[in-house]
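> Submitted below is the structure of interest, expressed as structure tokens.
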Amino acid sequence: NAGVTQTPKFRVLKTGQSMTLLCAQDMNHEYMYWYRQDPGMGLRLIHYSVGEGTTAKGEVPDGYNVSRLKKQNFLLGLESAAPSQTSVYFCASSYGGGQNTEAFFGQGTRLTVV
Amino acid sequence: GENVEQHPSTLSVQEGDSAVIKCTYSDSASNYFPWYKQELGKRPQLIIDIRSNVGEKKDQRIAVTLNKTAKHFSLHITETQPEDSAVYFCAAPSFAGGSQGNLIFGKGTKLSVKP
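These protein sequence lines map, in sequence, to chains Z and S. 1 is the number of the first residue of the first sequence in my numbering; add one for each residue after it. 1001 is the number of the first residue of the second sequence in my numbering; add one for each residue after it.
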């Protein structure tokens, strides 16, 4: 039981490049989330999904797209990376909505855009 | 939407002293209030949570209190130890604007426990 796994762990992009971050969970959770963490800003929600085939915008969705084609996977895409997207990205999942159960986090992806 | 304010942003205590971190929230529909601990370079992990039907919950040296009328909740750590040094985040679910209870986090408190 690996929990929540993110790939890659580190990545350096040039401005304008694209990439996809993969999040996989093996706990059969319905809800999945993508957060970004910046110094002094806490964890800010980018997008989330309440089940397979669904996605919704969070607090800071601009510049990102997501897909949840399979229940266990939640992908975060950057179509044209900008330096402002340099951050640590965390994926999380929970059995129910955030108001009911613990959210389990992945180990994080450190992304640098130069 | 939900707005979660957390204070202080940094807190330094001597080993053995108590530490208190406070959070306020804005969405009156919020009914679940978790606290996460993030050690340096690690992922956030749940340490304690409280639901709106209780006012206080304890787990060994940590406790959380909730005041729904005032819309604030606090984390209390007693007999602090160096291994308590970390960043602590409070959170509350958002139901405004069609949100489905996704967690909104405070900005975090960096706790340093000096030996």
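No residue lacks a Cβ here, since even glycine has one placed at the ideal position from N, Cα and C.
Could you check where the beta strand (DSSP E) with S/ARG1051 kicks off and where it finishes?
Element bounds for S/ARG1051: 1045–1051.
> Indicate whether Z/VAL4 and Z/PHE104 have their beta-carbon atoms separated by less than 7 Å.
Yes, these two residues count as a Cβ contact at 7 Å.
> Give me the Cα-Cα distance between S/LYS1107 and S/ALA1086, rounded to the nearest whole angstrom.
Cα to Cα, S/LYS1107 sits roughly 13 Å from S/ALA1086.
> To the nearest angstrom, how far is the alpha carbon of S/ASN1017 from that of S/LEU1011?
Inspection of the sequence shows that residue 1017 of chain S is occupied by Asp rather than by Asn. Their Cα atoms are separated by approximately 12 Å.
> Mind listing the chain S neighbours of Z/GLN107? Cutoff is C-beta to C-beta under 9 Å, in chain order.
Going along chain S in sequence order, the residues near Z/GLN107 (Cβ under 9 Å) are LYS1042, ARG1043.
> Would you say Z/LEU21 reaches chain S, if we count a Cβ-Cβ gap shorter than 7 Å as a contact?
No, Z/LEU21 does not count as interfacial toward chain S.
> For a contact meaning CB atoms closer than 7 Å, what does S/LEU1046 contact in chain Z?
What S/LEU1046 touches in chain Z: GLU102.
> Are any of the Cβ atoms in chain Z nearer than 7 Å to that of S/PHE1073?
No, because no Cβ of chain Z sits closer than 7 Å to the Cβ of S/PHE1073.
> Is the segment 62–73 of chain Z touching the segment 37–49 of chain Z, taking contact as three or more C-beta pairs under 8 Å?
Yes: the two stretches touch, three or more of their Cβ pairs being nearer than 8 Å.
> At 7 Å on the CB atoms, spell out the chain Z contacts of S/LYS1107, in chain order.
The contacting residues are GLY40, MET41, GLY42.
> Give a yes or no on whether 7 Å exceeds the smallest Cβ distance from Z/LEU75 to chain S.
No, Z/LEU75 lies away from the interface with chain S (no Cβ there is under 7 Å from its Cβ).
> Can you check whether the C-beta of Z/LEU111 is within less than 7 Å of a C-beta belonging to chain S?
Cβ-Cβ to chain S under 7 Å: no for Z/LEU111.
> Express the C-alpha separation of S/LEU1103 and Z/GLU79 in angstroms, rounding to a whole number.
Near 26 Å, if we compare the C-alpha coordinates of S/LEU1103 and Z/GLU79.
> For S/ALA1092, name the three-state secondary structure that DSSP assigns.
Of the three classes helix, strand and coil, the one that applies to S/ALA1092 here is strand, per DSSP.
> Would you call the CB atoms of Z/LEU43 and S/PHE1095 closer than 7 Å?
Their beta carbons are not under 7 Å apart, which means Z/LEU43 does not touch S/PHE1095 by this criterion.
> Roughly how many angstroms separate the alpha carbons of Z/PRO39 and Z/GLU59, rounded to a whole number?
Distance between the alpha carbons of Z/PRO39 and Z/GLU59 is about 17 Å.
> Considering only the alpha carbon of each residue, which of S/VAL1054, S/LYS1037, S/SER1052 lies closest to S/LEU1046?
Answer by Cα proximity: S/LYS1037.
> Between Z/GLY16 and the rest of its own chain, which residues show a CB-CB distance below 7 Å, the 5 nearest in sequence each way excluded?
Same-chain partners within the cutoff: SER80, ALA81.
> Under 8 Å: do the segment 1050–1067 of chain S and the segment 1001–1011 of chain S share three or more Cβ pairs, one atom per stretch?
In short, these stretches do not touch, since the Cβ pair count stays below three.
> Could you tell me whether the Cβ of Z/LEU45 comes closer than 7 Å to any Cβ of chain S?
Output row for Z/LEU45: interface = yes.
> Rank S/ASP1027, S/PRO1082, S/PRO1093 by C-alpha distance to the C-alpha of S/THR1069 and give the top, closest one.
Closest by alpha carbon: S/ASP1027.
> Identify whether S/PRO1034 lies in helix, strand or coil by the three-state DSSP scheme.
Looking at S/PRO1034 - three-state DSSP - the assignment turns out to be strand.
> Return the chain-ordered list of same chain residues with a C-beta closer than 6 Å to the C-beta of Z/MET32, the five sequence neighbours on each side being excluded.
Taken in chain order, the residues that qualify are SER49, PHE74, SER93.
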